[in-house]
Amino acid sequence: MSEKMEQYRIHQEPYYRPTGDEVALYEAAYSVRMPMMLKGPTGCGKTRFVEYMAWKLGRPLITVACNEDMTASDLVGRFLLDAQGTRWQDGPLTLAARHGAICYLDEVVEARQDTTVVIHPLTDNRRMLPLEKKGELLHAHPDFQLVISYNPGYQSLMKDLKQSTKQRFGALDFNYPEHVTETEIVAHETGVNSDVAGKLVSIAERARNLKGHGLDEGISTRMLVYAGSLIAKGVEPLAACRVALVRPITDDPDMRDALDAAVTTYF
């Protein structure tokens with residue numbers, strides 16, 4: 092492994108609590124280098140899962156946060172000018188394919204469809220990446236795998252993956268963990284006791300029931316970790332929940348009042 096790739100290696104085990112057979116299924120998928128698609132709401136643990144699997148498999152992980160301004164060159168690479176003239180610089184996708192890393196495209200639907208089509212030759216039996224500007228046909232390293240994620244709740248006609256893209260991937264569904272598991276996660280990640288962690292999870296469960304009834308998205312596990320971390324630092328629970336749970340997800344005064352009332356039920 093080159094020094095360049097060492098920076099992408101995960102040296103310490105990320106904390107991840109399996110909620111089903113997703114670890115075994117992913118390991119099986121990696122054994123045949125099947126590209127994988129992770130679907131689930133924001134903040135439910137998709138990225139942590141990829142980090143955990145990269146650590147478990149001993150592979151470097153190159154993560155790309157997709158956005159609508161991202162071009163194919165941002166993924167593949169481009170020529171740059173320096174004092175010696177022009178030089179080619181691999182993009183993150185090319186770097187992963189060349190050196191055998193896992194490339195994780197986070198929230199892939201945020202990227203334009205004309206950008207995401209560059210992954211097609213890497214996600215079928217060809218496993219290659221044409222670098223047209225450089226005149227190189229890169230055959231992916233045997234250890235390379237592509238992983239993408241997105242939130243189906245944000246899907247629309249404008250922001251969705253083409254069937255020609257979707258059908259190149261295996262898929263795992265993610266959701267927020269069961270109450271007991273999520274309580275353990277919040278307690279572990281923040282240092283609060285299980286009683287406080289359980290109350291935070293109960294607040295989140297109430298808010299998630301309001302999704303589609305005034306809320307676009309429920310309170311995520313990530314947000315619970317933020318609230319718990321504030322409480323662990325001595326912030327009063329009502330204030331911590333207001334800052335980390337209620338205010339970020341809605342600007343509607345009535346909805347804020349309803350969520351604040353749910354918080355006071357537990358704290």
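In the numbering used here, the protein residues as written are 92 to 358.
Note that the Cβ used here is the ideal one computed from N, Cα and C, for glycine as well.
Since we're looking at a predicted model, the values are computed, not measured.
In terms of Cα proximity to Y267, the closest of D351, T256, R297 is R297. Here L237 has P126, C194, I210, L213, T214 as same chain residues with Cβ atoms under 7 Å from its own Cβ, once five neighbours each way along the sequence are excluded. Counting along the chain, V114 sits inside the alpha helix (DSSP H) bounded by residues 113-122. Residue environment analysis places S285 among the exposed positions, since fewer than 16 neighbouring C-beta atoms fall within 10 angstroms of its C-beta. In the three-state DSSP reduction, E269 falls in the coil class, being neither helix nor strand. The continuous stretches of alpha helix (DSSP H) do not include G309, and DSSP gives it neither H nor E. Membership of Y106 in any beta strand (DSSP E) is not indicated, and neither H nor E is assigned to it by DSSP. Following the DSSP letters along the chain, one finds R299 in no beta strand (DSSP E) but inside the alpha helix (DSSP H) bounded by residues 285-299.
Remark: C-beta atoms of V167 and T154 do not approach each other more closely than 7 Å. Annotation: the region 178-254 contains the following complete segments of the alpha helix (DSSP H) (minimum length 4 residues), in chain order: 183-190, 204-207. A contact is defined here as three or more CB-CB pairs under 8 Å, and the region 103-112 meets this definition with respect to the region 269-279. The way I'd put it, the region 301-316 does touch the region 336-346; three or more beta-carbon pairs between them come closer than 8 Å. Annotation: D343 is outside any beta strand (DSSP E) and is labelled neither H nor E by DSSP. Using a Cβ-Cβ distance cut-off of 8 Å, the region 132-146 and the region 251-260 are not in contact, since fewer than three pairs of beta carbons, one from each stretch, lie closer than that value. In the same chain as G131, and ignoring 5 residues on each side of it, the C-beta atoms closer than 6 Å to its own belong to K137, F265, N266, in chain order.
Take E104, set aside five residues on each side of it, and the residues of its chain with a beta-carbon closer than 7 Å to its own are W146, in chain order. According to the DSSP secondary-structure assignment, K95 is paired through a beta bridge with no residue.
For the options A120, G319, S164, V123, the alpha carbon positioned closest to that of K290 is the one of G319. Inclusion of V208 and C157 in the CB contact set at 7 Å is not warranted, their separation being larger than that value. Of the residues A119, L152, V123, the one whose Cα lies closest to the Cα of Q98 is L152. The beta carbon of G261 is closer than 6 Å to those of A120, M125, M127 in its chain, skipping five residues each way along the sequence. In this structure, DSSP gives F260 a state outside helix and strand, which the three-state scheme calls coil. Taking the Cα of A187 as reference, the smallest distance to any Cα among R150, R178, A202, T162 is reached at R150.
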